[in-house]
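Encoded as structure tokens, the structure appears first; notes follow it.
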Amino acid sequence: MGKLHLPAGPGQAGWRRPEIVVLAATIMVWCRGAGAAPAAGEAGCGLRSLAGLMYLLGQDAPTLAGDLTSLADLQRAASAHGLTLTLAHGTTADAASLTVPAIAHLKNPDHFTVLLDGGAEWFLVWDGGNTQVQIIDRAAWDERFSGYVALPASGEAAPKSSLRVEAALYEVGRIALGSTTRLGFSIANRGPQALRLEVERSTCGCTVAIERALIIEPGATGVVAVDYQPSTLGTDVQTIWLRADDPVWKRLALTVRAGVVAPAARWQPRNLFLQCEPGGSVSAAASLETPPDTPVREVFLEGIAGAAKLVQRSRQPGFDRYEFVVELETPPVGTQRGGLVARLGGETDLLVSAPVIVDVPPGIRLSRSGIVAGVLPRDEVFTTELTVRSTDARPFRIVNLECDREWVRATVVSGLEDGTLYQLRVVAQGGVPGLRQAVLRLRTDRPFEREMVVPITLLRE
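Take the sequence shown: its position 63, counted from the start at 1, is 702 in my numbering, and no numbers get skipped.
Written as structure tokens, this is what we have:
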């Protein structure tokens, strides 16, 4: 935003001031809105547009009775409130090149609005007050723009703006409902002093990545980062309003436009991690989100014993939600991996799956996972000890302890009185030279615990 150059003569390209003789006949255009009178108690478009422009300039709203029905009315009312407006006439290309907001006149029907910014294919306009910022495409603007605007004074004595916004409109394109994307608006500081920006409000509840204020040093460019998450299907237009300590413009409107589509089918959460004690059961909630009216043919667990039970179905904006409870009865000790799978109907069946991990930590552990002895003399007896303990403080009994080779014996030599720990002694003897291997097997009275296996390796001279 800054000084607008107005060529002196009507024969030059660009903006021109209307001739004084033609002024009364040309710009006394009546603003009737969309063919209907404003609602009771609501100011017309002329007063709203002037109030909107003054809001951007940080000035109080005009205190006037009635409406402003011509550009001349706007000019006189602005002057009465200390604001000088310059009337100018130009083309659509001139309007797109403006670096300052202005009050623009539209025709068919006649309407005044605040022109916030323009691009090659779009124009941002605002009717002031609590109205939504609107986007008009170039073809519609060409049809309705009369060529007349009212601009804040930009003479040599007028304050100079430091703000330069690369584009006040961010086109997101297609985005799925409920997803989040980060986008950024670039703002340059062309002034001699640091520029401070703060978030004032937004129409979408977007998260703007400015904790306190964005400070842009002279000659630098800052980026206002916005986390945008749409909540409705179709074309979504939202605006973030910023406060600025610019010498001219005290408020700034940044607008987001997106084409919001229904999300692809997905599970929430994206993966399930379940954990339970040996012999126990476990359940977890999961929801399936599908495009509207997509048939759900079947939901099942793959690679894991259990069931997924439908609890509730609900219609959400843009998608259907199916709530499930996944139940597993006494999963085995250890880690299992599988999937929660939904078969969706349509022209062709579609499978949507989420990984499922089930972890059942053992309630009983051995102090060693294997026994390895170095090179032993031929007749030397090898002896070592193992500890078997409860990890959940519950007592247990050893009901089976055996070796698959006669030259290895294992016995229980001691234990705690509460039955949570046992000491085992393993003895290997026999003078056959070479590599010798055996397996020690241990089972407890806990029915859901796996049999524990300890490999034994010895090397005789």
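Just so it is clear, CB atoms sit at the ideal spot from N, CA and C, and this is done for glycine as well.
Quick caveat, the model's predicted, so the values are computed rather than measured.
Check each candidate in Trp888, Gln951 and Leu816 and name the one with the smallest Cα separation from Thr930. It should be noted that the sequence gives Pro, not Thr, for residue 930. Closest option to Pro930, Cα to Cα, is Leu816.
Could you check whether the region 1018 to 1025 touches the region 1052 to 1067, counting it as contact only if at least three pairs of C-beta atoms, one from each stretch, sit closer than 8 Å? yes
Helix, strand or coil: which one does DSSP assign to Thr1083? strand
Distance, Ala946 Cα to Ile1010 Cα: 41 Å
Exposed or buried, Ser1053, counting other C-beta atoms within 10 Å across all chains shown (16 or more means buried)? exposed
If you pair each beta-carbon of the region 723 to 736 with each one of the region 756 to 768, do three or more pairs fall below 8 Å? yes
State buried or exposed for Asp749, treating a residue as buried only when at least 16 other CB atoms are found within 10 Å of its CB. buried
Please classify Glu1088: does DSSP put it in a helix, a strand, or coil? coil
For Ser801 and Asn828, which I take to be in contact (beta-carbon distance under 8 Å), what is that distance rounded to the nearest angstrom? 5 Å
Does the beta-carbon distance from Arg960 to Glu937 come in below 8 Å? no
Any idea if Leu755 is buried or exposed, counting beta-carbon neighbours within 10 angstroms, 16 or more meaning buried? buried
If we call anything under 8 Å between Cβ atoms a contact, is Gly977 one with Leu1098? no
Thinking just about the alpha-carbon of each residue, which of Ser870, Leu949, Glu962 and Pro1001 is nearest to the one in Pro970? Pro1001
Classify Val1093 as helix, strand or coil using the three-state DSSP reduction. strand
How is Cys915 classed by DSSP in three states: helix, strand or coil? coil
Which residue or residues does DSSP assign as beta-bridge partners of Phe943? Note on residue identity: the sequence assigns Ile, not Phe, to residue 943. Beta-bridge pairing links Ile943 to no other residue.
In the DSSP assignment, find the beta strand (DSSP E) that holds Gly1013 and state where it starts and stops. It spans Ile1010 to Leu1015 - the beta strand (DSSP E) in which Gly1013 sits, taken as one unbroken run.
Residue range of the alpha helix (DSSP H) that Ala713 falls in? Inspection of the sequence shows that residue 713 is occupied by Leu rather than by Ala. From DSSP, the alpha helix (DSSP H) with Leu713 extends over Leu710 to Ala719.
Beta-carbon proximity of Val964 to Ala904, cut-off 8 Å: no
Could you have a look at Leu686 and say whether DSSP puts it in helix, strand or coil? helix
Since I believe Ile879 is in contact with Val899 (beta carbons under 8 Å), could you give me their beta-carbon distance rounded to a whole number of angstroms? So it is not a contact: roughly 17 Å between Cβ atoms.
Close-in-space but distant-in-sequence residues of the same chain around Leu822 (CB under 8 Å, 5 per side omitted): Tyr809, Val811, Ala864, Val865, Tyr867 and Val895
When you compare only the Cα positions, how much space is there between Ile774 and Leu686? The straight-line gap separating the alpha-carbon atoms of Ile774 and Leu686 is approximately 21 Å.
Mapping the DSSP letters down to three states, classify Ala807 as helix, strand or coil. Ala807 falls in the coil class under three-state DSSP.
Straight-line CA distance for Leu989 to Trp906? 13 Å
Where do the ends of the alpha helix (DSSP H) carrying Asp1018 lie? Counting along the chain, Asp1018 falls outside any alpha helix (DSSP H), and DSSP gives it neither H nor E.
Does Phe939 pass the burial test, meaning 16 or more other C-beta atoms within 10 Å, or should it be called exposed? Its Cβ having fewer than 16 others within 10 Å, Phe939 is exposed.
Alpha carbon to alpha carbon, how far is Pro740 from Leu662? Give it in angstroms, no decimals. Caution is warranted here: a pLDDT of 29 is assigned to Leu662, below 50, making its placement in the model unreliable, and the coordinate value is therefore given only provisionally. Rounded to the nearest angstrom, the two C-alpha atoms are 22 Å apart.
Close beta carbons around Glu681, own chain, < 8 Å, minus the five adjacent residues each side: Its pLDDT being 38, under 50, Glu681 is placed unreliably in this model, and the coordinates cannot settle the point.
In terms of alpha-carbon separation, which member of Val788, Leu979, Ala700 and Ser926 lies closest to Ala735? Val788
Would you identify the three-state DSSP class for Trp618, choosing helix, strand or coil? Outside the displayed span of the chain (640 to 1100) sits residue 618, for which this structure offers no information.
How should Pro1086 be labelled, buried or exposed, when 16 other C-beta atoms within 10 angstroms of its C-beta is the threshold for buried? Exposed is the label assigned to Pro1086, since fewer than 16 other Cβ atoms lie within 10 Å of its Cβ.
Just reading off the beta strand (DSSP E) that Thr929 is part of, what are its end residues? Ser920 to Thr929
Pairwise C-alpha distance: Pro994 and Leu689: Leu689 and Pro994: Cα-Cα distance of roughly 58 Å.
Looking only at its own chain, which residues have a Cβ that is under 7 Å from the Cβ of Val972, when we skip the five neighbours before and after it? Pro917, Val999, Pro1001, Phe1087, Glu1088 and Arg1089
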